[in-house]
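Okay, structure first, notes after.
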Amino acid sequence: MRIGILTSGGDCPGLNAVIRGFGKYAFENIKNVELIGIADGYGGLIRGECRKMSPADFTGILTLGGTILGTSRQPFKLMTVEDENSTTRLDLMKKNYKKMGLDCLLTLGGAGTHKTAALLSAEGCNVIGLPKTIDNDIWGTDVTFGFHTALDIATECIDRIHTTAASHGRTMLVEIMGNKAGWLTLYAGIAGGADVILLPEIPFSPDKVAKAIERRADAGKAFSIIAVAEGAMTISESKMKKKERAAARGNDTTITNALAKIIAEKAKVETRVVVPGHIQRGGSPSPYDRVLSTEFGSFAGQLAKDGKFGVTVALVGGKVTYNALADIAGKAKLVPVDCQEIAVAESIGVSFGR
Ligand code: F6P
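Sequential numbering of the sequence shown, starting at 369, is according to the numbering used here.
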């Protein structure tokens with residue numbers, strides 16, 4: 369059995385741990401298995417760039433961040449666009465899947481990767497997906513690998529900002545990744561004791577945020593921490609189309625800087641913005657992610673051995689299982705606005721700006 373492995377989209381901690389779990393399972397349990405590493409995600413499949421991997425490739429990488437295979441972003445919408453020779457990227461991927469002699473393709477990636485995986489599967493390739501992303505927004509799995517590590521990092525950022533905010537009596541806004549989903553901000557916000565948490569799923573009123581800061585000042589608390597999701601937006605912005613919102617923001621891609629100014633003016637406090645950015649995706653996976661990734665990788669190995677294709681690995685109710693790619697592709701798992709975590713945070717006085 370010849371199995372191709374690729375990692376696609378934004379990297380995250382745990383990719384190598386999954387690759388290792390899969391490789392070790394495969395060499396232990398699948399007869400005459402050959403593992404083919406595809407370079408730079410779907411980019412390598414499009415260009416036909418791959419190499420045969422040996423058992424040695426799968427050792428010593430459990431704790432390694434990033435991906436030993438390399439990755440790239442290949443927008444789903446471009447997959448079926450014809451070039452000057454009337455060839456699409458999908459055509460090239462199918463051609464190279466055959467040329468590489470693959471019996472199965474393992475795709476480690478996020479939401480976009482899963483859409484392309486579902487397309488390849490519908491076109492006859494034997495695909496097994498693995499849910500990777502710090503955003504935790506893949507439908508049908510309780511958690512994605514990479515999320516917990518990013519949560520540890522984002523929480524540590526807030527913890528460290530806390531001391532400076534307290535020393536200087538400032539309001540510090542920490543912008544947290546997550547794309548259109550607020551999971552990372554919600555969890556890091558609660559874990560880091562943020563006073564205000566702003567999520568893409570709950571458009572906020574800047575006035576209410578400023579009031580929350582004023583209330584704290586009135587109660588003698590000179591500093592405040594605001595956890596802002598990169599995808600957060602004001603109520604008025606939420607009524608705009610994406611392009612309109614981008615134009616209204618000018619040079620800023622997120623709302624954080626503008627909000628810092630508004631709060632400084634309205635609440636009469638000194639504000640600072642901190643953007644940890646890609647640090648949240650960097651470095652070694654946490655112990656939780658190492659375990660989850662090993663479980664996911666080994667389970668994907670079992671799926672390959674059993675010839676179970678057109679699926680993606682998932683954790684449901686604490687059990688590793690799978691979903692059909694066709695059922696989850698194109699759906700986003702966002703934070704339900706009535707979830708317990710938000711209710712608990714509000715019950716202890718955290719403002720969501722609503
Ligand atoms: O999907 C992971 C993620 O880090 C998002 O949280 C973020 O919006 C995006 O990727 C950033 O993408 P890039 O690495 O291409 O700048």
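All C-beta atoms, glycine included, are put in the ideal place defined by N, C-alpha and C.
Could you check if residue i belongs to the surroundings of the ligand F6P, using beta carbon to heavy atom distance under 7 Å?
{"i": "Thr481", "result": "no"}
{"i": "Gly391", "result": "no"}
{"i": "Met601", "result": "no"}
{"i": "Gly468", "result": "For the sequence presented, residue 468 should be read as Met rather than Gly. The answer is no for Met468."}
{"i": "Ile506", "result": "no"}
{"i": "Glu569", "result": "no"}
{"i": "Thr621", "result": "no"}
{"i": "His646", "result": "yes"}
{"i": "Gly497", "result": "no"}
{"i": "Glu543", "result": "no"}
{"i": "Ile521", "result": "no"}
{"i": "Asn547", "result": "yes"}
{"i": "Thr439", "result": "no"}
{"i": "Ile502", "result": "yes"}
{"i": "Arg617", "result": "no"}
{"i": "Arg649", "result": "yes"}
{"i": "Glu452", "result": "no"}
{"i": "Glu612", "result": "no"}
{"i": "Glu638", "result": "no"}
{"i": "Gly478", "result": "yes"}
{"i": "Gly557", "result": "no"}
{"i": "Glu605", "result": "no"}
{"i": "Glu396", "result": "no"}
{"i": "Glu417", "result": "no"}
{"i": "Glu582", "result": "no"}
{"i": "Gly409", "result": "no"}
Report yes if the CB atom of residue i is closer than 8 Å to the CB atom of residue j, and no otherwise.
{"i": "Phe395", "j": "Ile373", "result": "no"}
{"i": "Val679", "j": "Leu671", "result": "yes"}
{"i": "Ile496", "j": "Ala668", "result": "yes"}
{"i": "Ile696", "j": "Gly508", "result": "yes"}
{"i": "Thr456", "j": "Thr448", "result": "yes"}
{"i": "Glu569", "j": "Gly550", "result": "yes"}
{"i": "Leu437", "j": "Ile502", "result": "no"}
{"i": "Ile594", "j": "Leu541", "result": "yes"}
{"i": "Gly377", "j": "Gly514", "result": "no"}
{"i": "Pro616", "j": "Glu598", "result": "For the sequence presented, residue 616 should be read as Ala rather than Pro. The answer is no: Cβ separation not under 8 Å."}
{"i": "Ala682", "j": "Tyr690", "result": "yes"}
{"i": "Ile387", "j": "Ile429", "result": "yes"}
{"i": "Glu491", "j": "Leu458", "result": "yes"}
{"i": "Ile630", "j": "Val637", "result": "no"}
{"i": "Leu383", "j": "Asp505", "result": "no"}
With respect to the alpha helix (DSSP H) encompassing residue i, which residues constitute its N-terminal and C-terminal limits?
{"i": "Thr375", "result": "From DSSP, Thr375 is part of no alpha helix (DSSP H) but of the beta strand (DSSP E) over Arg370 to Thr375."}
{"i": "Met461", "result": "Arg457 to Lys467"}
{"i": "Gly497", "result": "Gly497 -> not in any alpha helix (DSSP H); beta strand (DSSP E) instead, spanning Val495 to Pro499."}
{"i": "Ala595", "result": "Premise fails: Ala595 lies in the beta strand (DSSP E), Ser592 to Ala597, not in any alpha helix (DSSP H)."}
{"i": "Leu473", "result": "Looking at the DSSP string, Leu473 is not in any alpha helix (DSSP H); the run it does join, the beta strand (DSSP E), is Cys472 to Gly477."}
Per DSSP, what kind of secondary structure is residue i in: helix, strand or coil?
{"i": "Leu432", "result": "coil"}
{"i": "Asn400", "result": "coil"}
{"i": "Thr532", "result": "helix"}
{"i": "Phe426", "result": "helix"}
{"i": "Phe513", "result": "strand"}
{"i": "Ser440", "result": "coil"}
{"i": "Arg640", "result": "strand"}
{"i": "Asn543", "result": "It should be pointed out that residue 543 corresponds to Glu in this sequence rather than to Asn. Looking at Glu543 - three-state DSSP - the assignment turns out to be strand."}
{"i": "Cys525", "result": "helix"}
{"i": "Lys548", "result": "coil"}
{"i": "Ile581", "result": "helix"}
{"i": "Gly378", "result": "coil"}
{"i": "Thr602", "result": "strand"}
{"i": "Gly409", "result": "coil"}
{"i": "Leu446", "result": "helix"}
So is residue i in contact with chain D if we call contact Cβ pairs under 8 Å?
{"i": "Gly557", "result": "Here chain D cannot be found, since the structure has a single protein chain."}
Ends of the beta strand (DSSP E) at residue i?
{"i": "Lys420", "result": "Cys418 to Met421"}
{"i": "Ile565", "result": "Val564 to Leu566"}
{"i": "Lys634", "result": "Note, Lys634: premise wrong, no beta strand (DSSP E); alpha helix (DSSP H) at Thr624 to Ala635."}
{"i": "Lys609", "result": "Unbroken run through Lys609: none, as it is neither H nor E."}
{"i": "Ala692", "result": "Lys687 to Ala692"}
{"i": "Val684", "result": "Val679 to Val684"}
Could you tell me how far apart the beta carbons of residue i and residue j are, in whole angstroms, since I believe they sit closer than 8 Å?
{"i": "Ala518", "j": "Gln708", "result": "Their Cβ separation, rounded to whole angstroms, is 21 Å, which puts Ala518 and Gln708 out of contact at 8 Å."}
{"i": "Val564", "j": "Val712", "result": "Between Val712 and Val564 the Cβ distance is about 15 Å, and since that is not below 8 Å, they are no contact."}
{"i": "Arg584", "j": "Ser573", "result": "In fact, because the Cβ distance is near 17 Å, the residues do not count as touching under 8 Å."}
{"i": "Ile371", "j": "Cys493", "result": "Not confirmed; about 12 Å, so no contact."}
{"i": "Thr602", "j": "Ala385", "result": "Incorrect: roughly 39 Å between the Cβ atoms, too far for contact."}
{"i": "Leu498", "j": "Leu474", "result": "7 Å"}
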